[in-house]
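Engineer: Quick one: structure below, then a few questions.
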Amino acid sequence: MNQPDARDLLVTARDTLLTHLLPALPKGLHYQGRMVASAMLIASRELAQAADCAEVERQALEALLAQHGQAATGLEQARALLARRIRQGAYDQDPTRLLAALRAINRAQLSISNPKVLAHD
6 MNQPDARDLL VTARDTLLTH LLPALPKGLH YQGRMVASAM LIASRELAQA
56 ADCAEVERQA LEALLAQHGQ AATGLEQARA LLARRIRQGA YDQDPTRLLA
106 ALRAINRAQL SISNPKVLAH D
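When we follow our numbering, the leftmost residue of the sequence shown carries the number 6, and every step to the right adds one.
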């Protein structure tokens, strides 16, 4: 593996932006500079956690579909099958497992896009 990797490069670039470039920018561009820094941080988390996040989703959807004797060949198909089951009312009587699965998926996604929200949970 090459060092530094993409995540390291993003973290270093973000640090440089915040430490050296942002103070040199006109005040009117500070908000945009912080937005770029935030996007870089999200991208670095995505690089580090995307596979784990997808695995959480895959396992959650697989478990939901298995309850109805269904299996998917991939994540996209699993999403489509689950959407169909929801439209058919399969979870109307007892949405407990569906909601737990969706919460797990959402938490995994939030750990990338907005982990501060999880701290208030």
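We put the beta carbon where it would ideally sit given N, CA and C, even for glycine.
(1) With DSSP as the reference, label Asp10 as helix, strand or coil.
(2) Assign Met45 to one of two classes, buried (16 or more other C-beta atoms within 10 Å of its C-beta) or exposed (fewer than that).
(3) Where does the unbroken alpha helix (DSSP H) through His35 begin, and where does it stop?
(4) Rounding to the nearest angstrom, what Cα-Cα distance links Gln64 and Tyr36 in this structure?
(5) Return no unless some Cβ of chain C is closer than 8 Å to the Cβ of Leu80.
(6) What did DSSP end up calling Thr21 once you bin it into helix, strand or coil?
(7) Would you identify the three-state DSSP class for Leu123, choosing helix, strand or coil?
(8) Please report the Cβ distance between Leu115 and Leu104, rounded to the nearest whole angstrom; I am assuming they are in contact, meaning their Cβ atoms lie under 8 Å.
(9) DSSP state of Gln98, grouped into three classes?
Structural biologist: Per the coordinate set shown:
(1) Note: Asp10 maps to coil in three-state DSSP.
(2) Looking at its Cβ environment, which holds 16 or more other Cβ atoms inside 10 Å, Met45 is buried.
(3) Residues His35 to Ala71.
(4) Whole-angstrom Cα-Cα distance: 39 Å.
(5) The structure shown has no chain C; it contains just one protein chain.
(6) The three-state reading of DSSP puts Thr21 in helix, counting H, G and I together.
(7) Three-state result, Leu123: helix.
(8) Actually they are not in contact, since the Cβ atoms of Leu115 and Leu104 sit about 16 Å apart, beyond 8 Å.
(9) Per DSSP, reduced to three states, the secondary structure at Gln98 is coil, with no helix or strand assignment.
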